[in-house]
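Trainee: My numbering applies: residue -1 is where the sequence shown begins, and numbers increase by one. My questions will all concern the structure given below.
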Amino acid sequence: METVVLRKQGNSVGVTLPAETRIRLGLEVGQELTLVEMADGVKLVKRNLKLERQMQLAREVLREQADALQELAKR
């Protein structure tokens, strides 16, 4: 577990990560992280949860279309 620092940046607050942590996690300046609110605090994740959900839905649609196309091909 590591400690991060919150710093004022204009009207916002930024999270400052130690350089070693940023490098180890492969984070780049300007990269977006997803903030997940949990019952006992918050969690920052590298992946984009909204994009992952959209991709999951797209896969489901494509799978359904593939099934429909296979049914048509059998006729």
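Heads up, the beta-carbon is just placed ideally off N, CA and C, and yes, glycines get one too. This structure is a prediction, so every number in the text was calculated from the model and none was measured.
Check for me: the beta strand (DSSP E) holding K72 runs from which residue to which?
Mentor: Premise fails: K72 lies in the alpha helix (DSSP H), 47 to 72, not in any beta strand (DSSP E).
Trainee: In the DSSP assignment, what residue or residues form a beta bridge with M(-1)?
Mentor: Answer by DSSP bridge pairing: none, since M(-1) is not bridged.
Trainee: Kindly list the residues whose CB is nearer than 7 Å to the CB of L31, restricted to its own chain and excluding five residues on each side of it in sequence; keep chain order.
Mentor: Contacts found: L42, V43, K44.
Trainee: According to DSSP, simplified to helix, strand and coil, what is E30?
Mentor: DSSP places E30 in coil when its eight states are reduced to three.
Trainee: Under a three-way DSSP split, which group does L42 fall into?
Mentor: The answer is strand: DSSP assigns L42 an E or B state.
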